[in-house]
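Q: Protein chains in written order, with the working numbering: chain A, 1194 to 1575; chain B, 229 to 512.
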Amino acid sequence: MSFKTVLMQGNEACVEGAIAAGMRFFAGYPITPSTEIAEGCAARLPQENGHFIQMEDELGSIAAVIGASAAGVKSMTATSGPGFSLMQENIGYACLAEVPCVIVDVQRSGPSTGLATAPSQGDYQQARWGTHGDHPMIAISPASVAETYSLAIRCFNLSEKYRTPVIFLMDEIVGHMREDVKIPAPDSYEIVNRRVAGNDGAYKFVYRVPEGQWVPGLKPFGAGERYNMTGLIHDYSGFPTNSTDVAQREVTRLMEKVLKNKDDIVEIQEYAMEDAEYAVICFGGTTRAALEAVKAAREKGLKVGMWRPVTVWPYPDEKLRERLPQLKGALMVEHNYGQMLREVERVAAGRIPIDFIGRINGTVIPPQEILTKIEEALQHAQ
Amino acid sequence: MPSDLIQKYMRIDHLPHIWCAGCGNGTLTRDVAVAIDELCNCSDEKFHLDREKVVIVSGIGCSSRAAGYLDFNSIHTTHGRAIAFATGIKIANPELTVVVITGDGDCSAIGGNHLIHAARRNVDLTVVVYNNNIYGMTGGQYSPTTPRGEKGTTAPYGVIDQPFDIASLAAGAGASFTARGDTYHVRSTIDLIKAGIQHKGFSLIDCYSICPTYYGRKNKKGDAVTMLMNQKNSGISTEIYQKLSEEEKKGKYAIGTLSESNSPEFTTEYQKIIDRAMEKEGRK
Chain A
1194 MSFKTVLMQG NEACVEGAIA AGMRFFAGYP ITPSTEIAEG CAARLPQENG
1244 HFIQMEDELG SIAAVIGASA AGVKSMTATS GPGFSLMQEN IGYACLAEVP
1294 CVIVDVQRSG PSTGLATAPS QGDYQQARWG THGDHPMIAI SPASVAETYS
1344 LAIRCFNLSE KYRTPVIFLM DEIVGHMRED VKIPAPDSYE IVNRRVAGND
1394 GAYKFVYRVP EGQWVPGLKP FGAGERYNMT GLIHDYSGFP TNSTDVAQRE
1444 VTRLMEKVLK NKDDIVEIQE YAMEDAEYAV ICFGGTTRAA LEAVKAAREK
1494 GLKVGMWRPV TVWPYPDEKL RERLPQLKGA LMVEHNYGQM LREVERVAAG
1544 RIPIDFIGRI NGTVIPPQEI LTKIEEALQH AQ
Chain B
229 MPSDLIQKYM RIDHLPHIWC AGCGNGTLTR DVAVAIDELC NCSDEKFHLD
279 REKVVIVSGI GCSSRAAGYL DFNSIHTTHG RAIAFATGIK IANPELTVVV
329 ITGDGDCSAI GGNHLIHAAR RNVDLTVVVY NNNIYGMTGG QYSPTTPRGE
379 KGTTAPYGVI DQPFDIASLA AGAGASFTAR GDTYHVRSTI DLIKAGIQHK
429 GFSLIDCYSI CPTYYGRKNK KGDAVTMLMN QKNSGISTEI YQKLSEEEKK
479 GKYAIGTLSE SNSPEFTTEY QKIIDRAMEK EGRK
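Put into structure tokens, the structure is as follows:
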């Protein structure tokens, strides 16, 4: 595999990864700490025959992104906490109308305007439940600049494949970190493009799912298939309906297209978990500190491993459950008040004790703090 | 038997529409269809429209149900966001002809920010406002265009806000074509929608609709025919309207083109950026 090595910032890697994935439309509004993504797209997209637009707000940004995707172009927006809140209504639109798009949230410390330049993972649950109503959600959280590049591609691939918005849940740490990225050769990674509808030219069946598929194809506007798209519950024709049967069928399908494909969607990273009796659970920006602490614990002879969801939604319940029998306990480490902790406790269901280190003041959790907690927990367990 | 026009441009299997008897929205939707039909049949290559390249974008409200009935590419979006969706569609594929159907509340209250910024950018969109002075879908609350002193369910003692003149608002924000039509003056309104689509840049046609069910009943405006006759008497062509004294203008409004200019259009200007950037990168 040929590649070149480039020193870049996480936000830049997001731009380059997205462009490598085929993203050719970006709409956004300036907000720290995501702004470099908009700046990068403004400079880079015209070079790739793509379009950048600075919208009047985040409500308009996500709307323009969905419109551009419906017109057939892979599209992305990037924002941070307050802007992510503003985008929620239309993220639900993209879920229901099944319009692929990628929403990057470079998390910062909240609530409200919060500590605008400080790191946080406080949008974790919002990424899942931010928009109203029952809906599917895929969210991916990178832990390094190199991963930001490759996972941006993965976000687009999943979005196109499942016709659903994907949240790229970055944070200030990864977004503003600079490190070497080995840019992979374009033929070394897979690019997934949406299946274009083949509905016999009849708009009546644009939302009918072909046999053996989870989603209908999506023909861009202007490609000769005059159909209707709506955020109302719709039948096969894409036209609104009040049928309770159709609502049951379609919302169930939306949920199941993600939940029944977790084997394909869910990715985790494990380190030294084979014989681990205690797991440090982390994601995104807490991964490095967790890894360092686990390595230090191993040097002291402690049987500790690191377990990290890369796909943070849907939650890797099954993969965590597989590890429970070997564990005496686990430690959740995250830069919030305990948002992923809820998921871990739900999966553990009382079978093992779950310890917790959180942070809500804009500082980061250092490895030493994690190591101390590991030692305390293992002493306690003996 | 539905007319040829209805057969050709309406999704017959989704009729009847949801609008109340006497509502002006059906007439305005017909005006949009006729305007597009005439441009599809236009032999002048510069203005000829390809039906398959027409996208109708709407927001939420009574007006915005029109998109679903019209047999084009159509997208019924979220409340207030139609113009922002349309901006994305147009920029992603500038070959498309993008027509936004929206209401007074949809485009000037919840969507006001998108309206003024799309006008400022001069994106080549045509916005047709079905302006009925009321929130009809939710049952008759006052809107940004309900005149002072008139009533809505949320203004039981009369509106004290100053109303928007949506066409002036758009023109002030930089729209390069603004016009006013209404439900009664059908031929003029069709021509104005056509002119808006032909215009290269952001165009807005503020079309006064009638809502006998909520606005009319609440404000004792009479039945649909009475409200239409009122439009007949109040809507005056711009040429004549301009010559009226301030006293004579009271209770009247101008029908026709209100403002027009040739400012640079967004997608055309952006293409120049792409061309330069790609040339510099040696890709062209």
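Virtual Cβ for every residue (Gly too), placed ideally from N, Cα, C.
(1) Which word fits residue 1501 (chain A), buried or exposed, when buried means at least 16 other C-beta atoms lie within 10 angstroms of its C-beta?
(2) Going straight from the alpha carbon of residue 429 (chain B) to that of residue 347 (chain B), what length do you get?
(3) Buried or exposed: where does residue 1354 (chain A) fall if 16 or more other Cβ atoms within 10 Å of its Cβ makes it buried?
(4) Return the residues of the stretch 420 to 453 of chain B that lie within a Cβ-Cβ distance of less than 7 Å from chain A, sorted by chain order.
(5) So, under 8 Å CB-CB, residue 331 (chain B) and residue 308 (chain B) are touching, yes? Tell me the CB distance rounded to an integer number of Å.
(6) Pull up the DSSP beta-bridge partners for residue 1218 (chain A), would you.
(7) Shorter than 9 Å from the beta carbon of residue 265 (chain B) to some beta carbon of chain A?
(8) How close, in whole Å, do the beta carbons of residue 1519 (chain A) and residue 1469 (chain A) come, if the pair is a contact with beta carbons under 8 Å?
(9) DSSP state of residue 288 (chain B), grouped into three classes?
(10) Looking only at its own chain, which residues have a Cβ that is under 6 Å from the Cβ of residue 1203 (chain A), when we skip the five neighbours before and after it?
(11) Would you call the stretch 432 to 446 of chain B and the stretch 249 to 269 of chain B in contact, with 3 or more CB pairs under 8 Å?
(12) Can you give me, in chain order, the residues of the stretch 236 to 250 of chain B that have a beta carbon less than 9 Å from any beta carbon in chain A?
(13) Relative to the C-alpha of residue 300 (chain B), which candidate in B:281, B:292, B:506 and B:456 has its C-alpha closest?
(14) Identify whether residue 1487 (chain A) lies in helix, strand or coil by the three-state DSSP scheme.
(15) Identify the contact partners of residue 352 (chain B) in chain A, using a Cβ-Cβ distance below 7 Å as the criterion.
(16) Less than 9 Å between the beta carbons of residue 1295 (chain A) and residue 1227 (chain A), yes or no?
(17) In angstroms with no decimal places, state the Cα-to-Cα distance between residue 1538 (chain A) and residue 1530 (chain A).
(18) Based on the DSSP output, what are the partners of residue 1461 (chain A) in its beta bridges?
(19) Could you list which residues in chain A have their beta carbon closer than 8 Å to that of residue 296 (chain B), in chain order?
(20) Does chain A have any CB closer than 9 Å to the CB of residue 465 (chain B)?
(21) Using 8 Å as the threshold, is the stretch 1269 to 1286 of chain A in touch with the stretch 1322 to 1330 of chain A, meaning 3 or more CB pairs across them?
(22) Given this structure, state the Cα-to-Cα distance separating residue 329 (chain B) from residue 396 (chain B), to the nearest angstrom.
(23) Quick one: list the residues of chain B neighbouring residue 1218 (chain A), beta-carbon separation under 8 Å, in chain order.
(24) If we define contact as Cβ-Cβ less than 9 Å, is residue 285 (chain B) a contact residue for chain A?
(25) With a threshold of 7 Å on Cβ separation, who are the neighbours of residue 1540 (chain A) within its own chain once the five nearest residues in sequence on each side are excluded?
(26) For a test of the three-state rule: what should DSSP assign to residue 427 (chain B), helix, strand or coil?
(27) On the DSSP bridge assignment, give the partners of residue 1527 (chain A) in chain order.
(28) Just the chain A side, please: which residues come within less than 8 Å of residue 509 (chain B) by C-beta, in chain order?
(29) Of all the CB atoms in chain D, is at least one closer than 9 Å to the CB of residue 1525 (chain A)?
(30) Count the CB pairs spanning the stretch 1195 to 1214 of chain A and the stretch 467 to 477 of chain B that are closer than 8 Å, and state whether there are at least three.
(31) What are the residues of the stretch 477 to 503 of chain B that lie near chain A, defined by any Cβ-Cβ distance shorter than 9 Å?
(32) Can you name the residues of chain A whose CB is closer than 9 Å to the CB of residue 324 (chain B)?
(33) When the Cα of residue 426 (chain B) is compared with those of B:382, B:267 and B:260, which residue comes out closest?
(34) Looking only at its own chain, which residues have a Cβ that is under 8 Å from the Cβ of residue 485 (chain B), when we skip the five neighbours before and after it?
(35) Mapping DSSP to helix, strand and coil, what is residue 1533 (chain A)?
(36) According to the neighbour-count rule (16 or more other Cβ atoms, all chains shown, within 10 Å of its Cβ), is residue 361 (chain B) buried or exposed?
A: Quick look at the numbers:
(1) buried
(2) 9 Å
(3) buried
(4) none
(5) Rounded, the Cβ-Cβ distance is 10 Å, inconsistent with contact.
(6) A:1244 and A:1268
(7) no
(8) 7 Å
(9) coil
(10) 1338, 1341, 1367, 1368 and 1370
(11) yes
(12) 239, 241 and 242
(13) B:281
(14) helix
(15) Simply none; closest approach about 14 Å.
(16) no
(17) 14 Å
(18) A:1502
(19) 1421, 1423, 1432 and 1433
(20) no
(21) yes
(22) 18 Å
(23) 316, 319 and 320
(24) yes
(25) 1510, 1513 and 1514
(26) coil
(27) A:1551
(28) 1240
(29) In the structure shown, chain D does not exist; the protein chains are A and B.
(30) no
(31) 494, 495, 498, 501, 502 and 503
(32) 1264, 1414 and 1415
(33) B:267
(34) 405, 406, 407, 420, 423 and 466
(35) helix
(36) buried
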